[in-house]
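A quick write-up on the structure given underneath.
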Amino acid sequence: MKRIYFLILSAFVSAMAMAQDGGTTNVDVNLKGDGGAAGFPWLWVIGGIVFVLLLVALLSGGRGTDRVVHKKTIIKE
Numbered sequence: 005m006k007r008i009y010f011l012i013l014s015a016f017v018s019a020m021a022m023a024q025d026g027g028t029t030n031v032d033v034n035l036k037g038d039g040g041a042a043g044f045p046w047l048w049v050i051g052g053i054v055f056v057l058l059l060v061a062l063l064s065g066g067r068g069t070d071r072v073v074h075k076k077t078i079i080k081e
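Under my numbering, the first residue of the sequence shown is numbered 5, with each subsequent residue one higher.
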């Protein structure tokens with residue numbers, strides 16, 4: 005069974021290696037763009053605030069449910 009899996013895996017890997025494009029590559033690097041998310045510092049601030057709020061909510065969420073209940077059973081004869 006392991007040999008069959010190995011044969012299928014090796015056939016798949018060799019097919020992926022043969023499928024690589026051997027043509028020319030044209031890369032266009034645009035350095036004068038808007039910068040993406042780095043151009044919006046307020047986005048990082050809001051993301052940080054949301055992360056901190058989620059962290060606080062997850063870490064302190066179980067504190068209100070930890071209650072100790074004492075029960076007394078009285079048996080009268």
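For glycine and all other residues, C-beta sits at the position ideal for the given N, C-alpha and C.
- Annotation for L62: the continuous alpha helix (DSSP H) segment containing it runs P45 to L63.
- A19: member of the alpha helix (DSSP H) spanning K6 to M22, first to last residue.
- The beta carbon of S64 sits closer than 7 Å to none of the beta carbons in its chain outside the five residues before and after it.
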